[in-house]
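Just below is one structure, and these are the notes that go with it.
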Amino acid sequence: MAKERRKRKTSDEAFRDALWMISPGTKIREGISAILQSRTGALICIGDRKKLTELSEGGVKLDAAATPQLLYELSKMDGALILSEDGTRIIYANRFLKPDNSIATNETGTRHRAAERLAKQAKCIVVAVSERRSAVTLYVHNKRHVMDNVTTLLNKATQALQTLEKYISVLRSVLRDLDSREFQDMVTIFEVCRAVQRREMIRRISKEIEPYILELGTEGRLIEIQMQEMLMPVEEAILVIKDYYREKPGLTYEEVEKRISEIPQQELLDLGNICQALGYGSNLRTIDVYLTPRGYRMLTQSHRLTPQLIDNLVARFGTLQQIIRASKDDLVAVEGIGEVMAERVRTSLNLLRNQLSLERR
Numbered sequence: 000m001a002k003e004r005r006k007r008k009t010s011d012e013a014f015r016d017a018l019w020m021i022s023p024g025t026k027i028r029e030g031i032s033a034i035l036q037s038r039t040g041a042l043i044c045i046g047d048r049k050k051l052t053e054l055s056e057g058g059v060k061l062d063a064a065a066t067p068q069l070l071y072e073l074s075k076m077d078g079a080l081i082l083s084e085d086g087t088r089i090i091y092a093n094r095f096l097k098p099d100n101s102i103a104t105n106e107t108g109t110r111h112r113a114a115e116r117l118a119k120q121a122k123c124i125v126v127a128v129s130e131r132r133s134a135v136t137l138y139v140h141n142k143r144h145v146m147d148n149v150t151t152l153l154n155k156a157t158q159a160l161q162t163l164e165k166y167i168s169v170l171r172s173v174l175r176d177l178d179s180r181e182f183q184d185m186v187t188i189f190e191v192c193r194a195v196q197r198r199e200m201i202r203r204i205s206k207e208i209e210p211y212i213l214e215l216g217t218e219g220r221l222i223e224i225q226m227q228e229m230l231m232p233v234e235e236a237i238l239v240i241k242d243y244y245r246e247k248p249g250l251t252y253e254e255v256e257k258r259i260s261e262i263p264q265q266e267l268l269d270l271g272n273i274c275q276a277l278g279y280g281s282n283l284r285t286i287d288v289y290l291t292p293r294g295y296r297m298l299t300q301s302h303r304l305t306p307q308l309i310d311n312l313v314a315r316f317g318t319l320q321q322i323i324r325a326s327k328d329d330l331v332a333v334e335g336i337g338e339v340m341a342e343r344v345r346t347s348l349n350l351l352r353n354q355l356s357l358e359r360r
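Throughout the sequence shown, residue numbering follows numbering that gives the first Met the number 0, covering 0 to 360 in sequence.
Listed below in structure tokens is the structure:
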């Protein structure tokens, strides 16, 4: 089973795992920091024991715990360190690497060329610590990544958070306008596409911040908490897609969401591409009718209904306006909605409408 899981791990997943394994606060990172401070170099290979043994030779067999002190002391030898797949054991020290020399590499130094080739051939993690440049380069399968110091990473993450905050502020404004139009039953395709576009931009920015958090390790906890708190109020924005995508045979909400996530960054700026993904065609101006939401997002905002009850309400009435106009008896007839819950639905929607009316004044 373990082997099957390793085969299914994508290159991106392996890269994320590698960043976490050598992030600040880990034993391997402590060892790397000591190596950098002493201005020496090192090659640390982490992966399948059998593969790495076949692609290297010589050295000293240890099978000892990978402590920061031992990593530092053993790095003084010329050869590479071979670590277990989870990075907790040092299998070999002073090992000579012999990857396939025909594997393409853009590196110039002997140590880094061997590191990149081994990572590609063995599908493993190789950390190259440069003695001359005092830099750390991470190789994971076919990926190459130069590690930044903590101060630089914190500055980059902080700048990205500030950008994220600005986009979230715009999205909140767009969603407030959409809320008001939904109760008035005057939503156009422009408001829908704008909300979907902003939400997708925010999702992509947050994805760009995640590697910083991973690479920061324990130093990135505050950044992670800040980002999570910022994203909480806009989580329901994804339901705009579920409310407005055009239903077609064989087309699901999840597939529409996937289409939008795959739109190239530059093309995301064109609302026509959002409109196309939602199933309305690429020309927004040809859609001259008001759109009616199904009600998923507004019912979720009430914080009083389970996803199953929301599904039942939408399946029974079809649109938000029909749910708003439904009598108490009509609501009670929906599976899972009793008299108390029916009253809560009516009260919650009226409360949301009143709040929006007060905000417009």
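For glycine and all other residues, C-beta sits at the position ideal for the given N, C-alpha and C.
Because the structure is a prediction, the values reported are computed rather than measured.
Rounded straight-line distance, which links the Cα of residue j to that of residue i
i, j, result
"V239", "E207", "23 Å"
"I398", "V59", "The chain is shown from 0 up to 360; residue 398 falls before or after that span and cannot be answered."
"E29", "W19", "13 Å"
"G24", "A79", "23 Å"
"N93", "Q158", "41 Å"
"L51", "R110", "16 Å"
"E246", "R198", "21 Å"
"L250", "G57", "58 Å"
"K2", "V139", "Note on K2: pLDDT 44, under 50, position unreliable in the model; no value is reported."
"Y71", "I31", "7 Å"
"A33", "A13", "25 Å"
"V169", "M231", "15 Å"
"L355", "E115", "58 Å"
"D99", "A156", "38 Å"
"Y166", "I21", "32 Å"
"N141", "S10", "8 Å"
"A314", "R352", "22 Å"
"R15", "R143", "12 Å"
"M200", "C274", "15 Å"
"D287", "Y243", "15 Å"
"V344", "L177", "20 Å"
"T151", "M297", "41 Å"
"S179", "A236", "15 Å"
"V149", "L290", "49 Å"
"E234", "P306", "14 Å"
"R202", "V186", "24 Å"
"V333", "R284", "38 Å"
"S129", "V135", "6 Å"
"M76", "T39", "10 Å"
"E338", "D329", "10 Å"
"F182", "S172", "16 Å"
"M308", "Q36", "Checking the sequence, you will find Leu at residue 308 rather than Met. Each residue's Cα considered, the two are about 60 Å apart."
"G108", "L221", "37 Å"
"M0", "P248", "Residue confidence for M0 is low, a pLDDT of 39 falling below 50, so the modelled location carries little weight and cannot support an answer."
"T217", "T346", "45 Å"
"E84", "A63", "14 Å"
"D47", "I102", "20 Å"
"T299", "R324", "18 Å"
Supposed contact pair residue j and residue i - C-beta distance, whole angstroms, cut 8 Å
i, j, result
"L163", "S205", "6 Å"
"L319", "G294", "4 Å"
"A121", "L54", "6 Å"
"A41", "S74", "4 Å"
"L270", "Q196", "6 Å"
Own chain partners of residue i with C-beta closer than 6 Å, once the 5 adjacent residues on each side are dropped
i, result
"H302", "none"
"T87", "A65"
"V125", "C44, A114, L117, A118 and Y138"
"N349", "none"
"L69", "none"
"G219", "I212"
"L96", "S55, A79, A113 and L117"
"L215", "L152"
Any chain C beta carbon closer than 8 Å to residue i
i, result
"L54", "As a matter of chain content, chain C is missing from the structure shown, which is built from one protein chain."
Cβ-based neighbour list, residue i, same chain, cut-off 7 Å, excluding 5 preceding and 5 following
i, result
"R112", "T104 and E106"
"L82", "I43, C44, I45, A65, R88, I89 and I90"
"I322", "G294, L312 and F316"
"K26", "A65, T66 and P67"
"R4", "Low confidence applies here, because R4 scores a pLDDT of 45, under 50, leaving its location unreliable; read the following figure in that light. Counting only Cβ-Cβ distances below 7 Å, and skipping sequence neighbours, we find nothing."
"I188", "C274, Y279, L283, I286 and L290"
Cut-off 8 Å between Cβ atoms - residues of its own chain near residue i, not counting five sequence neighbours on either side
i, result
"E342", "K327"
"A17", "I45, I124, L137 and V139"
"M229", "L160, L163, E164 and I167"
"Q264", "R203"
Exercise. Which runs of the alpha helix (DSSP H) fall wholly inside the segment 267-335 and span at least 4 residues, in chain order?
Worked result: 270-277, 295-300, 306-316, 319-324 and 327-331
For this session: Decide yes or no for the touch test of the segment 225-239 against the segment 257-274: beta carbon pairs closer than 8 Å, at least 3 of them.
Result: no
Exercise. Does the segment 274-281 touch the segment 187-194, meaning 3 or more C-beta pairs lie closer than 8 Å?
Worked result: Taking 8 Å as the limit for Cβ pairs, the verdict is that the segment 274-281 does touch the segment 187-194.
Exercise. Can you list the alpha helix (DSSP H) stretches of 4 or more residues lying completely in the segment 53-113, in chain order?
Worked result: 67-73
Problem set entry | Ordered list of beta strand (DSSP E) runs contained in the segment 113-169, each at least 3 residues | Segments of the beta strand (DSSP E) lying fully in the segment 113-169: 124-129, 134-139 and 142-145.
Exercise. Which runs of the alpha helix (DSSP H) fall wholly inside the segment 23-49 and span at least 4 residues, in chain order?
Worked result: Runs of the alpha helix (DSSP H) inside the segment 23-49: 26-36.
Problem set entry | Ranges of the alpha helix (DSSP H) found wholly within the segment 156-232, counting only runs of at least 4 | 188-215 and 220-230
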